[in-house]
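Chemist:
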Amino acid sequence: MSKRTLVAAALAALSFAVPAAAQEPISEAGLIQTVRTMTDDWFQGRAPGTIGEERTIGYLIGRFQALGLEPGGPDGQWIQKVPLLHTRLGAPQQLELATPQGKVPLKLGTDIYLSTLRNDAVATVASAPLVFVGYGVTAPERKWDDFKGQDLKGKVAVFLINDPDFEAAKGEAVAGKFGGKAMTYYGRWTYKFEEAARRGAVAALIVHDAEGVGYGWNVITSPGGENYGLVRKDGSQTSLAVQGWVSHEQGDRLFASAGLDLKKLRVAARSAKFRPVELKGVTLSAAIPNAPEVITSHNVLARLPGSERPDEVIMFGAHWDAYGEGKPDAQGRIYRAGANDDALGIAALLEIAGQMKSAPAPKRSVVFAAWTAEERGLLGSEAYAVDPVYPMAKTVANLTVDVLQTAGKARDVVLIGKGQSSMEDELAAFAANQGRTVTPENLPERGLFYRADHFSFAKRGVPVLLMMSLAGASDLVEGGRAGGQAWIDDYTGRCYHQACDAWDRNWKMAGAVQDIELLRDIGWDLANSNRWPVWKPGSEFAAARGKVGQ
759 MSKRTLVAAA
769 LAALSFAVPA
779 AAQEPISEAG
789 LIQTVRTMTD
799 DWFQGRAPGT
809 IGEERTIGYL
819 IGRFQALGLE
829 PGGPDGQWIQ
839 KVPLLHTRLG
849 APQQLELATP
859 QGKVPLKLGT
869 DIYLSTLRND
879 AVATVASAPL
889 VFVGYGVTAP
899 ERKWDDFKGQ
909 DLKGKVAVFL
919 INDPDFEAAK
929 GEAVAGKFGG
939 KAMTYYGRWT
949 YKFEEAARRG
959 AVAALIVHDA
969 EGVGYGWNVI
979 TSPGGENYGL
989 VRKDGSQTSL
999 AVQGWVSHEQ
1009 GDRLFASAGL
1019 DLKKLRVAAR
1029 SAKFRPVELK
1039 GVTLSAAIPN
1049 APEVITSHNV
1059 LARLPGSERP
1069 DEVIMFGAHW
1079 DAYGEGKPDA
1089 QGRIYRAGAN
1099 DDALGIAALL
1109 EIAGQMKSAP
1119 APKRSVVFAA
1129 WTAEERGLLG
1139 SEAYAVDPVY
1149 PMAKTVANLT
1159 VDVLQTAGKA
1169 RDVVLIGKGQ
1179 SSMEDELAAF
1189 AANQGRTVTP
1199 ENLPERGLFY
1209 RADHFSFAKR
1219 GVPVLLMMSL
1229 AGASDLVEGG
1239 RAGGQAWIDD
1249 YTGRCYHQAC
1259 DAWDRNWKMA
1269 GAVQDIELLR
1279 DIGWDLANSN
1289 RWPVWKPGSE
1299 FAAARGKVGQ
């Protein structure tokens, strides 16, 4: 069967229940107005736990109320409280390596980047020995264990970023074992820190590699020593006094100081026979003042009740938070207000909500979620997933918007997470209706499937669809794939998590509008159908789905 025939069959299988009101174009002017409002200095960069959050939450509730939606949070409220531990490291009192050649001071932000998720007044590491654990992967289903019983208590775990097969050459035994260039969750920095903590390490460091992580050192250091974590109900804390990164150059020097060649160790770490390597004679000492506080942040939830099966939920999501105040950039801007990341995503939710409210009531309920603390580790969506307002078994699908390209109309849409769920079939069918094709992400090594709020739902078995233009170059109507790549390079190189991520009158919104309308149509059709998207065979999330509410 040809690809065209398959798409036609998929279209025929869909109810395609897009009402006249939802067929109207998404308003470019409406999107821009929301973005310009949310990035105004009055919102102070929308950092969680600040007056900027208070103003943002009030603004969002007002917008949803004006659209005529009802509160979608617990106990009939607009908000869901999210307790967060907020930390900020100051200037180090001590930060150095002891090596066989003598003491080596480390410059914070240049040689090393650190943060903490403990509430200690001083983040302290006292002459802790370093152990290289390769990629730090424990994957029984792939018969892989990088630790081999290594005791990490009181030690510093040093990791490589990404998966063991990321740099594998054709013919190596590991090639393809972790999906090749497509990052698995084992490759994410969050997993590595979690694994180090599970094993009792006192610190965890990842050697930065721009290609492996998908962004430069400037993005690593952009939080400025801040970190956020969910407050655990039992009051327990991570074992990691500090966690962070060493620069690529410092990583080479670090291993050389122990008489080791990091380049050779990278090759050794690609073997299932790899065993941890102690950096003999090398220890880390740190004493860094910390300013911990517990803050209460908030998710905002709005609901459009279903007319026939209101307990079944289609969820749209985007995050309202950005990076708040930082150092002045070349233009003197101090607020990192995330115009594209993700004020534009919130704008998309509001436009979709307005169109759906003006249409006949959907059969299933539609919930619009504006998450907090995505930039701090998907914390708002994770808090919701831990304590959901609507049962996961009754949540049909989650559709998330996070960074859309602003370079113009595209001939295609980029799919993130190929082979995961039938949501990709929905995407192909509705893209075809727009006259567009689907292009699998061409930068799967960036692991974007694990880097946005939809992932909190995927882990609980809810099929998901992420619209994020960082996943690969769009085939622009004007500029082609080269133009799409140029947009990615410019955005990630200059503006990602920086004050530069601001509304620009040169934005070409037609491509973003295409993607928003595409997500809207998929969500609306699901809201008026009996379909339950499913995980594809082999997906690591299929087992978590269990019995759904059919």
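Whatever position you read off the sequence shown (first residue = 1), add 758 for this note's numbering. We put the beta carbon where it would ideally sit given N, CA and C, even for glycine.
If the criterion is Cβ atoms closer than 8 Å, does the pair GLY1082 and GLN802 meet it?
Modeler: By 1-based counting over the sequence shown, the position of residue 1082 is 324. By 1-based counting over the sequence shown, the position of residue 802 is 44. Taking 8 Å as the Cβ cut-off, GLY1082 and GLN802 qualify as a contacting pair.
Chemist: Helix, strand or coil for ALA1168 per DSSP?
Modeler: Start at 1 with the first residue of the sequence shown, and residue 1168 comes out as number 410. It is a strand residue.
Chemist: What do you get for LYS865, buried or exposed, if any count of 16 or more other CB atoms within 10 angstroms of its CB means buried?
Modeler: Start at 1 with the first residue of the sequence shown, and residue 865 comes out as number 107. Under this definition LYS865 is an exposed residue.
Chemist: By the 10 Å Cβ neighbour count, where 16 or more other Cβ atoms means buried, how is GLU1203 classified, buried or exposed?
Modeler: Position 445 of the sequence shown, counting from 1, holds the residue named residue 1203. Result: buried.
Chemist: Exposed or buried, which one is ASP1100 when buried takes at least 16 other CB atoms within 10 Å?
Modeler: For the purposes of this step, residue 1100 is taken as residue 342 along the sequence shown, with counting starting at 1. Per the 10 Å Cβ criterion, buried.
Chemist: Assuming the contact rule is C-beta atoms closer than 8 Å, THR882 and ALA1044 should be a hit. Round their C-beta distance to whole Å, please.
Modeler: Position 124 of the sequence shown, counted from the start, is the residue given in the question as residue 882. Position 286 of the sequence shown, counted from the start, is the residue given in the question as residue 1044. 7 Å between Cβ atoms; contact.
Chemist: Anyone know if the C-beta pair for GLU828 and PRO1063 falls short of 8 Å?
Modeler: Along the sequence shown, read from residue 1 onward, the residue named residue 828 stands at position 70. Along the sequence shown, read from residue 1 onward, the residue named residue 1063 stands at position 305. Cβ distance < 8 Å, so GLU828 and PRO1063 count as in contact.
Chemist: So what does DSSP say about TRP1129, is it helix, strand or coil?
Modeler: By one-based count along the sequence shown, residue 1129 stands at place 371. DSSP places TRP1129 in strand when its eight states are reduced to three.
Chemist: Can you find the residues in the same chain that come closer than 7 Å, C-beta to C-beta, to GLU953, ignoring five residues on each side of it along the sequence?
Modeler: Taking the sequence shown and counting its residues from 1, one reaches residue 953 at position 195. So the list reads GLY894 and THR896, once near-sequence residues are dropped.
Chemist: If you run the structure through DSSP and keep just helix, strand and coil, what is ALA779?
Modeler: As a first step, residue 779 is located in the sequence shown; it is residue number 21 there, counting from the start. Confidence at ALA779 is low in this model, with a pLDDT of 44, below 50, so the placement of that residue is unreliable and no value is reported for it.
Chemist: Cα separation between VAL1161 and ARG821?
Modeler: For the purposes of this step, residue 1161 is identified with residue 403 of the sequence shown, where counting begins at 1. For the purposes of this step, residue 821 is identified with residue 63 of the sequence shown, where counting begins at 1. Straight-line Cα distance between these residues: approximately 21 Å.
Chemist: Is it buried or exposed, ILE1072, if we count other Cβ atoms within 10 angstroms and call 16 or more buried?
Modeler: The residue you call residue 1072 lines up with position 314 of the sequence shown. With 16 or more Cβ atoms within 10 Å of its Cβ, ILE1072 is classed as buried.
Chemist: Grab me the residues of ALA779's own chain with a C-beta within less than 7 Å of its C-beta, minus the 5 sequence neighbours each way, in chain order.
Modeler: Start at 1 with the first residue of the sequence shown, and residue 779 comes out as number 21. At ALA779 the pLDDT is 44, less than 50, meaning the model places this residue with poor confidence; the figure from the coordinates comes in the next sentence. For ALA779, where only same-chain residues beyond five positions count, the Cβ hits under 7 Å are GLN1113, SER1116 and ALA1117.
Chemist: Please classify ASP1019: is it buried, with 16 or more other beta-carbons within 10 angstroms of its beta-carbon, or exposed?
Modeler: If you number the sequence shown from 1, residue 1019 lands on position 261. By the 10 Å Cβ count, ASP1019 comes out exposed.
Chemist: Roughly how many angstroms lie between the CA atoms of HIS1056 and ALA1016, to the nearest whole one?
Modeler: Along the sequence shown, read from residue 1 onward, the residue named residue 1056 stands at position 298. Along the sequence shown, read from residue 1 onward, the residue named residue 1016 stands at position 258. Between HIS1056 and ALA1016, the C-alpha separation is close to 47 Å.
Chemist: Check the C-beta distance from LYS911 over to GLY958 and give it rounded, since I have them as a contact under 8 Å.
Modeler: Here residue 911 corresponds to residue number 153 of the sequence shown, with the count starting at 1. Here residue 958 corresponds to residue number 200 of the sequence shown, with the count starting at 1. Correct: roughly 4 Å between the Cβ atoms.
Chemist: Check each candidate in LYS901, GLY970 and VAL1154 and name the one with the smallest Cα separation from ASP1069.
Modeler: Taking the sequence shown and counting its residues from 1, one reaches residue 1069 at position 311. When only C-alpha atoms are compared, the closest one is VAL1154.
Chemist: Quick check: what's the CA-CA separation for ASP1283 versus GLU1182?
Modeler: If you number the sequence shown from 1, residue 1283 lands on position 525. If you number the sequence shown from 1, residue 1182 lands on position 424. Cα to Cα, the separation comes out at about 14 Å.
Chemist: Touching or not, the region 960-979 and the region 862-881, by the rule of three or more beta carbon pairs under 8 Å?
Modeler: Taking 8 Å as the limit for Cβ pairs, the verdict is that the region 862-881 does touch the region 960-979.
Chemist: What would DSSP say about HIS1212, mapped onto helix, strand or coil?
Modeler: Numbered from its first residue, the sequence shown carries residue 1212 at position 454. Residue state, collapsed to three classes: helix.
Chemist: Since GLU1199 and ILE1174 should fall inside the 8 Å C-beta cutoff, what is the C-beta to C-beta distance between them, to a whole number of angstroms?
Modeler: Mapped onto the sequence shown, residue 1199 falls at position 441. Mapped onto the sequence shown, residue 1174 falls at position 416. Yes, they are in contact, since the Cβ atoms of GLU1199 and ILE1174 sit about 5 Å apart, within 8 Å.
Chemist: Rounding to the nearest angstrom, what Cα-Cα distance links THR1158 and ALA1088 in this structure?
Modeler: Translated into the one-based positions of the sequence shown, residue 1158 becomes position 400. Translated into the one-based positions of the sequence shown, residue 1088 becomes position 330. Cα-Cα distance, rounded: 33 Å.
Chemist: Following the continuous beta strand (DSSP E) through VAL862, name the residue where it begins and the one where it ends.
Modeler: As a position in the sequence shown, residue 862 is number 104, starting the count at 1. 860-863 is the span of the beta strand (DSSP E), which, as asked, contains VAL862.
Chemist: Which stretch, first to last residue, makes up the beta strand (DSSP E) that contains HIS1255?
Modeler: Position 497 of the sequence shown, counting from 1, holds the residue named residue 1255. First-last for HIS1255: undefined, no H or E at that position.
Chemist: How many Å lie between ALA824 and GLU786 at the Cα?
Modeler: As a first step, residue 824 must be located in the sequence shown, where it is residue number 66. As a first step, residue 786 must be located in the sequence shown, where it is residue number 28. Answer to the nearest angstrom: the Cα atoms are 19 Å apart.
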